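The working numbering numbers the first residue of the sequence shown as 2 and each following residue consecutively. Each residue gets a CB set at the ideal place from its N, CA and C atoms; glycine is no exception. The structure presented is a predicted model; accordingly, all values stated were derived computationally and were not measured.
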Amino acid sequence: MNKSEIATLIQFNFWANDRILSACDRISTNEFTRLLAPDPGWSSLRGILVHTLDAEYGWRFVLQALDEEGIMAEGDFADVAALKARWKEEQTAWIGFLDTLNDEKINLGYGDDPQNGPMVWQTIMHVVTHGIQHRSEAAAILTGFGQSPGELDFDLFLKEESESI
Numbered sequence: 002m003n004k005s006e007i008a009t010l011i012q013f014n015f016w017a018n019d020r021i022l023s024a025c026d027r028i029s030t031n032e033f034t035r036l037l038a039p040d041p042g043w044s045s046l047r048g049i050l051v052h053t054l055d056a057e058y059g060w061r062f063v064l065q066a067l068d069e070e071g072i073m074a075e076g077d078f079a080d081v082a083a084l085k086a087r088w089k090e091e092q093t094a095w096i097g098f099l100d101t102l103n104d105e106k107i108n109l110g111y112g113d114d115p116q117n118g119p120m121v122w123q124t125i126m127h128v129v130t131h132g133i134q135h136r137s138e139a140a141a142i143l144t145g146f147g148q149s150p151g152e153l154d155f156d157l158f159l160k161e162e163s164e165s166i
């Protein structure tokens with residue numbers, strides 16, 4: 002894997018997040034925070050998205066060997082605007098982290114056992130695929146609220162963002 006490929010995946014991740022968050026702008030705070038049945042695993046649409054953001058934040062901290070400040074909670078985000086603002090900060094942090102990487106660093110292990118553990122690119126791929134799972138859940142919920150985020154496919158991202166890749 003190389004830096005350009007990783008940068009494309011990270012850009013896709015945030016493009017897709019933005020589509021979900023834009024759809025969230027079109028629902029009520031009650032719909033955003035409502036407990037869902039059956040429980041999708043994170044209690045609400047807000048819970049799913051906070052978990053997704055927290056995973057992006059947590060894995061970035063692991064990759065940067067930083068001390069995490071704690072797990073984010075649903076209650077930290079009263080509404081969509083608060084979540085969007087924090088996610089924009091995380092996007093900026095990921096772009097800053099990406100700027101520190103090169104092809105060699107992306108293909109190295111990290112952490113306590115860099116020889117036998119995952120490589121940086123593999124963990125970034127995990128972050129992206131984890132986000133895909135939870136955005137799919139969020140998209141289904143939003144569609145149920147009458148506010149589909151539209152297509153979230155990688156090929157659409159490539160078409161829409163071809164100038165910036």
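Note that the stretch 127-137 touches the stretch 53-61; at least 3 beta-carbon pairs, one per stretch, sit closer than 8 Å.
Looking at the backbone, the Cα of A82 and that of L36 are separated by about 19 Å.
The C-alpha of F98 is placed about 28 Å away from the C-alpha of D26.
Secondary-structure assignment with DSSP links G110 through a beta bridge to M120.
Across the structure, Q134 and I96 are spaced so that their CA atoms are roughly 22 Å apart.
Residues of the same chain with a CB within less than 6 Å of the CB of I28, apart from the 5 flanking positions on each side, are F146, Q148 in chain order.
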